[in-house]
Amino acid sequence: MLAIKRQALATARRALLSTNALSAIATRAANRAYYSKLCKSSDEAIEGIKSGDKLLIGGFGLCGIPENLLKAIARRKDIQQLTAVSNNAGTADYGLGTLLQSRQIKRMVSSYVGENKEFARQYLGGELEVELLPQGTISERVRCGGAGIPGFYTLTGVGTQVETGGIPIKYGKGGEILIGSEPRETKVFNGRKYLLEEGIIGDYALVKAWKGDELGNLVFKYAASNFNAPMATAGKITIAEVEEIVPVGELKPDEIHIPGIHVHRILKGEVYEKRIERLTLRRTAEEEGNLPESMKQRIHIIKRAAREFKDGMYANLGIGMPVLASNYIDPNITVHLQSENGILGMGPFPTPEEVDADLVNAGKESVTVLPGGTCFSSDVSFGMIRGNRLDMTILGGMQVSTNGDLSNWVVPGKIIKGMGGAMDLVAAPKSFVVVTMTHNAKNGEPKILKKNTLPLTGVKCVDRIITDKCVFDVIPDKGLLLRELSYGHTVDEIRACTESDFAVASDVAETY
């Protein structure tokens with residue numbers, strides 16, 4: 300009994316000493332003088348940036364952009380001829396788009412032009428150099444640059460102009476191509492061809508985080524990690540703006556996303572607008588009934604596509620029509636939706652009360668995250684995609700060929716959307732690729748062809764095509780098989796409006 304009491308006293312004494320020791324450590328930490336990386340203003344933070352520098356810009360659309368640092372550069376008209384590496388360029392009047400307006404950017408390295416009309420106008424008009432790359436390739440090139448890795452091999456872009464070169468970088472005034480992309484070096488691994496891509500390092504990286512401390516430790520909120528995390532590691536000088544500066548030690552070691560070793564300057568942003576590029580709210584059944592016919596047609600297609608979901612599946616939804624599928628998942632099954640900008644467990648569009656500027660999908664639309672969902676950076680997201688973690692991908696399309704080639708990112712000289720993450724998604728060998736699109740173009744021309752006439756997104760990558768009229772399967776080395784008909788359509792009608800030849804399944808029927 301005495302021995303037990305002695306042991307208890309010894310344990311209590313150790314606990315008291317431990318508590319006192321921790322208290323002493325905390326007191327010393329509070330009184331410790333730190334080398335502060337804190338800047339007083341965004342103007343001070345960008346000192347040293349000069350004409351001709353390469354800037355890595357974090358953010359995705361308008362989500363998580365370093366808006367105060369970009370405004371500071373826009374005020375410095377002496378800074379010209381910049382190269383900006385960013386997934387896209389914001390909008391015409393905000394974010395990186397303001398530096399396009401002020402003509403301070405010579406070259407953009409991006410994956411997506413999107414709806415930024417000024418970006419597209421300058422590019423097609425020969426006023427701006429644009430190096431278009433797959434989104435996952437950009438994120439991995441930046442990650443490699445920050446990790447000291449000179450290059451890596453990837454399946455993304457094999458068989459497309461990314462491999463062969465010739466993607467326009469700069470147009471002449473008459474629409475001629477003055478500068479085109481270079482062909483990629485290739486190598487075969489395990490019987491498959493891969494492309495060599497080089498790492499990217501910037502003179503400066505401009506990133507935005509939710510919280511940070513004077514040591515430069517950063518924490519992101521929700522999907523605002525996106526390109527900010529890899530960009531933060533790949534700048535020779537990284538400048539971070541945050542919404543809140545917290546005392547050193549307040550951020551727990553295991554909750555810090557970017558360690559301060561990567562960050563050279565930090566500031567509390569002066570003003571945050573935190574615009575949402577495409578505020579999208581959940582529709583009621585009544586609102587859906589009042590939609591224009593074109594939107595009703597898209598919903599008709601996507602409701603059929605939603606039947607492809609299986610219980611427990613991990614799936615990615617492309618921008619535009621495919622992302623609507625999140626609103627039509629059978630409530631009796633669990634589907635884990637992945638968005639390439641850094642969400643797993645994406646939910647439907649929000650109600651007005653649920654809107655958060657740090658939660659957007661790949662189409663820059665406001666979204667929700669379901670219980671159990673997670674958020675992460677773009678390089679982690681595309682690691683999931685390249686690593687064959689997805690069971691299915693649903694994408695939009697401009698053209699699909701008999702053998703499953705897909706085109707969906709450009710109409711040369713006319714429509715420049717950019718490849719975004721589509722090339723990465725269709726290159727994943729084990730993911731089932733579904734393309735959703737109207738069967739014919741607005742002028743009646745077929746979209747399902749013997750051979751694509753537009754630049755390719757991927758070669759022999761499509762497994763199923765769902766249109767407003769029918770469902771085709773792509774049978775490897777055989778071609779198209781008509782599986783289903785939409786109500787009111789016939790096999791003869793499908794033959795009349797489809798350029799490609801196809802076989803007809805013995806049990807073909809009207810199903811949607």
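Residue numbers (my numbering): 300 to 811. Backbone N, C-alpha and C define an ideal beta-carbon position, used for all residues, glycine too. Owing to the predicted nature of the structure, the values given are computational and were not obtained by experimental measurement.
The DSSP-derived three-state label of GLN698 is strand. Per DSSP, the unbroken beta strand (DSSP E) holding MET645 starts and ends at 642-645. LEU495 is the residue among GLU428, THR766, MET697 and LEU495 whose C-alpha sits nearest the C-alpha of THR455. Taking a cut-off of 8 angstroms on C-beta distances, the segment 359-368 touches the segment 648-663, as three or more cross pairs fall below it. At the C-beta level, VAL699 and ILE601 stay beyond 7 angstroms of one another. ARG491 has PHE488 as its beta-bridge partners, per DSSP. According to the DSSP assignment, LYS353 belongs to the beta strand (DSSP E) that extends over 353-356. Comparing C-alpha distances from THR673 to each of LEU395, LEU432, LEU636 and ASP502 shows the shortest one belongs to LEU636. Along the segment 393-459, the beta strand (DSSP E) occurs as fully enclosed runs of 3 or more residues at 404-409, 428-431 and 450-453, listed in sequence order. Only residues of its own chain outside the window of five on either side were considered, and among them GLN698, SER700, ASP704 and SER706 have a CB closer than 6 angstroms to the CB of ASN751, listed in chain order.
If you look at LYS567, you'll find it in the beta strand (DSSP E) that goes 564-567. Where PHE731 is concerned, there is no enclosing alpha helix (DSSP H), although the beta strand (DSSP E) around it starts and stops at 731-735.
Residue range 634-638 is occupied by the beta strand (DSSP E) that includes GLN637. When the Cα atoms are used, ILE500 and ILE536 turn out to be separated by approximately 10 angstroms. Annotated three-state conformation of PHE771 is strand, per DSSP. For LEU477, the enclosing beta strand (DSSP E) begins and ends at 476-479. Taking all protein chains in view, the Cβ of TYR503 is crowded by 16 or more other Cβ atoms within 10 Å, so the residue is classified as buried. Here LEU748 is bridged, per DSSP, to SER700.
CA-CA distance, ILE632 to MET691, rounds to 15 angstroms.
Going by DSSP, GLY511 is part of the beta strand (DSSP E) stretching over 501-511. Boundaries of the alpha helix (DSSP H) harbouring ASP791: 790-795, taken from the DSSP string. With contacts defined as CB atoms closer than 7 angstroms, PRO365 and LEU578 fail to qualify as a contacting pair. By the neighbour-count criterion, in which a residue is buried when 16 or more other Cβ atoms sit within 10 angstroms of its Cβ, ASP762 is buried.
Counting other Cβ atoms within 10 Å of its Cβ, ARG564 reaches 16 or more and is therefore classed as buried. Secondary structure of PHE359 (DSSP, three-state): strand. Straight through space, the alpha carbons of THR735 and ALA802 are spaced by roughly 20 angstroms. Apart from the 5 residues on each side of it in sequence, GLY465 sits with its Cβ closer than 6 angstroms to the Cβ of GLY479 in its chain, given in chain order. In the three-state scheme derived from DSSP, where H, G and I count as helix and E and B as strand, ASN525 is classed as strand. When the beta-carbon positions are compared, GLY641 and ALA446 stay at least 7 angstroms from each other.
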